[in-house]
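Chemist: Take this structure, written in structure tokens, and hold onto it; I'll ask about it next.
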Amino acid sequence: MTFTKTSPKSLAVLRRHSQKLQGSTAVRGLANRTLSACAAASDSPTSGNDKPPLRVCVVGSGPAGFYTTKYLLKEQGLSDRGITIDIVDRLPTPYGLVRSGVAPDHPEVKAAQNDFEQVASDPRVSFFGNVTVGSDVSVAQLRELYHAVVIAHGAGGDRSLGVPGEDLDGVLTARAFVNWYNGHPDCADLGPRIAAALRHSDTAVVIGVGNVALDCARILAKGADALRSTDIAAHALEALSAAAPKRIVVAGRRGAAQASFTIKELRELTRIELSLSAAQGVACAVREDELRLSDAAPPPPQDRAKQRIMALLGAVAEASKVPPPHSREVQLRFLLSPRRMVPSPADPARVGAIEMERTALVAADDGSGAVRAKGTGVTETIDCGLVLTSIGYRTLPLDDLPYDARRATVACAGGGASPRVENAPGTYCAGWARRGPSGIIGTNILDAKFAAAALAEDAASGALPGAAEARWVISVRSAAALAEDAALGAAGGGGRAVRTQALLSDSAVAVVDWTGYQRIDAAERARGAAASKPREKVVRVAEMLSLARGSGAD
């Protein structure tokens, strides 16, 4: 198939058609996408090897998705051939965990959005928000309609403790708590539950010793006043203003050396100040006996990062011998494993305490030299009203893509060593969907380069499958719009007809394009400025869609 030039007359009609769709409740992305693709075909000469520009769909608009898009655009071979990329996300807003996972008091980490905005502004890139792959459109359809599909949808599931009482009110996953204070639409209604849990007891327990666990502890310890100038959701400020815990216990089942938090997060937790008064600060406490027991499996001398963490924990333990005057305390506990959630005597449907078992470190059975936690039978009960479980995420199965149940990821060649999805030519994985929930935002850069290089290699070798002809994807078309498309084709003169493939029902899906997201972004920034915040996030999808259409209040 060869792309021929599209006449200026046809492009002008397309532009008018694009403007008409901007305010409709149906998908507005089709006309813009068709326009940019036709314009690119008009401006670019046909390739000598008669190959059309490569069309790629990236599923997920978080760091993995955007970085993969960025490096696909940089691949010289793909750039010479020509490439267009459609980024699809189930939310009307992009950026994934940069928007909904990064703590509000870490604005420097959110700066990655600036890079992603540059990627999205490239005319070869289109954004299709509010489209759920697996229901609105299937992976099989995407694979048919694109030359290549990159799965970068992250890890949408949570690992469970599997202990009695995990379903009691007041027990939440750390993901739900983080999504709540970051204004994610899925968790916008958790406020009353969290507020009730905080009123029930002045103690909160966080299970897990990773960076997410420390984020949760820090947000709880800081409380509302210290967070008012951040982009924390308004409903979270309201709940934390009404009640905040005086004691936060962060517990891990193994020793301090096996904790996965970084020195930056730990150091930040030891330096929380709420005011100039020491009585209004937050103390960080570590038990010396638990550090001593952790010495059964010390970090290797060459692991300088772990050595620094252990030194800081030792200093905190030494300082903890003298009770501080601070009004709040974060306790870092080790060698404790949850056995069960204990119902509250006053309300059996609500958690009132957590029973923990003391553990000891023993060598792992696989001979790897690692250690595991083994129960000792000695228990400790901690009264609490809120329990947050932060023990890891898991990628969920997506349509008929092969799934690695052991690793809880999409099944990629070589057990995840390759970004190519098993038995699915032209399908690739990046980010957590391939490697599991590990690393920081920057970790996705190498991962994205890996996926982009594999895709470019397959494109150069001819290993990519063919794609359906003239498919302007993720299109929602009414009968009137289809009739207008026919007229557009007739108006094209010597150019090729513009055709559509309707994948979505315009009564069910309202796609948000990049212009629509920019309207949401502008409204959030304006509301934030009025409250002396960077932004006030919109937390309801219906309101997002209204703003994206240009019919919101702002």
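In this text, residue positions in the sequence shown follow this note's numbering: the first is 874, and each later residue adds one.
Ideal Cβ positions, reconstructed from N, Cα and C, are used throughout, including at glycine.
Rounded to the nearest angstrom, what separates ASN1055 and LYS947 at their Cα positions?
Modeler: Roughly 32 Å between the two C-alpha positions.
Chemist: Pick helix, strand or coil for ASP1031, following the three-state DSSP scheme.
Modeler: strand
Chemist: Let me check understanding here. Comparing Cα to Cα, which of ARG954, GLY1029, LYS943, GLN991 lies closest to GLY974?
Modeler: GLY1029
Chemist: Rounded to the nearest angstrom, what separates ALA1013 and ALA1297 at their Cα positions?
Modeler: 10 Å
Chemist: Find the nearest neighbour of SER1200 within the set THR1076, VAL1412, LEU970, ILE1024, judged by alpha-carbon distance.
Modeler: THR1076
Chemist: Does the contact criterion of 3 or more C-beta pairs under 8 Å hold for the region 1210-1226 versus the region 1256-1263?
Modeler: yes
Chemist: Nearest to GLY1027 by CA position, among ASP1162, ASP953, ARG1048, is which residue?
Modeler: ARG1048
Chemist: Could you give the C-beta distance for ILE1393 and THR966, rounded to a whole number, given that I count them as a contact under 8 Å?
Modeler: 6 Å
Chemist: Name the residue from TRP1053, ARG1293, ARG1212, LEU1093 whose alpha carbon lies nearest to the alpha carbon of ARG1413.
Modeler: TRP1053
Chemist: Roughly how many angstroms separate the alpha carbons of LEU1234 and PRO1338, rounded to a whole number?
Modeler: Approximately 51 Å, taken between the alpha carbons.
Chemist: Does the region 1170-1180 come close enough to the region 999-1011 that 3 or more CB-CB pairs lie under 8 Å?
Modeler: no
Chemist: Which of the three DSSP states, helix, strand or coil, is assigned to PRO1407?
Modeler: The answer is coil: DSSP assigns PRO1407 none of H, G, I, E or B.
Chemist: Which term fits LEU1328, buried or exposed, when burial requires 16 or more other beta carbons within 10 angstroms of its beta carbon?
Modeler: buried
Chemist: Across which residues does DSSP place VAL1123 in a beta bridge pair?
Modeler: VAL1079, LEU1205
Chemist: Report the option in LEU1261, ALA1086, ALA1332, ASP1042 whose CA atom is closest to the CA atom of PRO1221.
Modeler: Looking at the Cα atoms, ASP1042 is the closest of the given residues.
Chemist: Cutting at 6 Å between CB atoms, please list the residues of its own chain near ARG1408, excluding the five before and the five after it.
Modeler: ASP1104, GLU1397, ARG1398, GLY1401
Chemist: To the nearest angstrom, how far is the alpha carbon of ALA1322 from that of GLY935?
Modeler: One detail in the question is off: residue 1322 reads as Lys in this sequence, not Ala. When the Cα atoms are used, LYS1322 and GLY935 turn out to be separated by approximately 15 Å.
Chemist: My assumption, with CB atoms under 8 Å, is that ALA937 sits in contact with ALA1021. Please give the rounded CB distance.
Modeler: Contact doesn't hold; Cβ gap of about 15 Å is too wide.
Chemist: Would ARG1144 be called buried (16 or more neighbouring beta carbons within 10 Å of its own) or exposed?
Modeler: With fewer than 16 neighbouring CB atoms inside 10 Å of its own CB, ARG1144 falls in the exposed class.
Chemist: Assess contact between the region 1082-1101 and the region 1267-1279, defined as three or more Cβ pairs (one per stretch) separated by less than 8 Å. Is contact present?
Modeler: no
Chemist: Just to confirm the assignment, what range does the alpha helix (DSSP H) spanning GLY1250 have?
Modeler: Taken as a continuous stretch (DSSP letters only), GLY1250 belongs to no alpha helix (DSSP H), being part of the beta strand (DSSP E) at 1244-1256.
Chemist: Expressed to the nearest angstrom, what Euclidean distance is found between the alpha-carbon atoms of GLY969 and GLY1154?
Modeler: 33 Å
Chemist: Just the C-alpha distance for GLY1265 and ASP1031, rounded to the nearest angstrom, thanks.
Modeler: 6 Å
Chemist: For ALA1324, count neighbouring C-beta atoms within 10 Å of its own C-beta (all shown protein chains included) and say buried if the count is 16 or more, exposed if not.
Modeler: buried
Chemist: Determine the extent of the alpha helix (DSSP H) in which ARG1066 is found, giving its start and end residues.
Modeler: 1064-1073
Chemist: Determine, using beta carbons only, whether TYR940 and ILE1313 come nearer to each other than 8 Å.
Modeler: no
Chemist: If you check the beta carbons only, do THR1262 and ILE1092 fall under 8 Å apart?
Modeler: No, they are not a contact pair.
Chemist: When you compare the CB positions of GLU1295 and ALA1284, do they come within less than 8 Å of one another, or not?
Modeler: Contact: yes.
Chemist: Where do the N-terminal and C-terminal ends of the alpha helix (DSSP H) with THR1316 fall, by residue?
Modeler: 1316-1334
Chemist: Exposed or buried, ARG1206, counting other C-beta atoms within 10 Å across all chains shown (16 or more means buried)?
Modeler: buried
Chemist: What is the residue span of the beta strand (DSSP E) that ASP1428 lies within?
Modeler: Within the shown structure, residues of the chain are numbered from 874 to 1427, placing residue 1428 beyond reach of any answer.
Chemist: Return the Cβ separation of LEU945 and ILE960 in integer angstroms, given the expectation that the two are a contact with Cβ distance under 8 Å.
Modeler: At roughly 11 Å, the Cβ-Cβ gap does not stay under 8 Å, so LEU945 and ILE960 are not in contact.
Chemist: Compare the C-beta of ASP1394 with all C-beta atoms of chain B and state if any pair is closer than 8 Å.
Modeler: Judged by its chain identifiers, the structure shown contains no chain B, having just a single protein chain.
Chemist: Let me know the secondary structure DSSP gives ARG1160 once reduced to three states.
Modeler: coil
Chemist: Closest by CA to ARG928, which one among SER1291, ASP1059, ARG1160, ARG997?
Modeler: Taking the Cα of ARG928 as reference, the smallest distance to any Cα among SER1291, ASP1059, ARG1160, ARG997 is reached at ARG997.
Chemist: Counting only the same chain and skipping the five closest in sequence on each side, list residues whose C-beta sits under 8 Å from that of ASP995.
Modeler: LEU946
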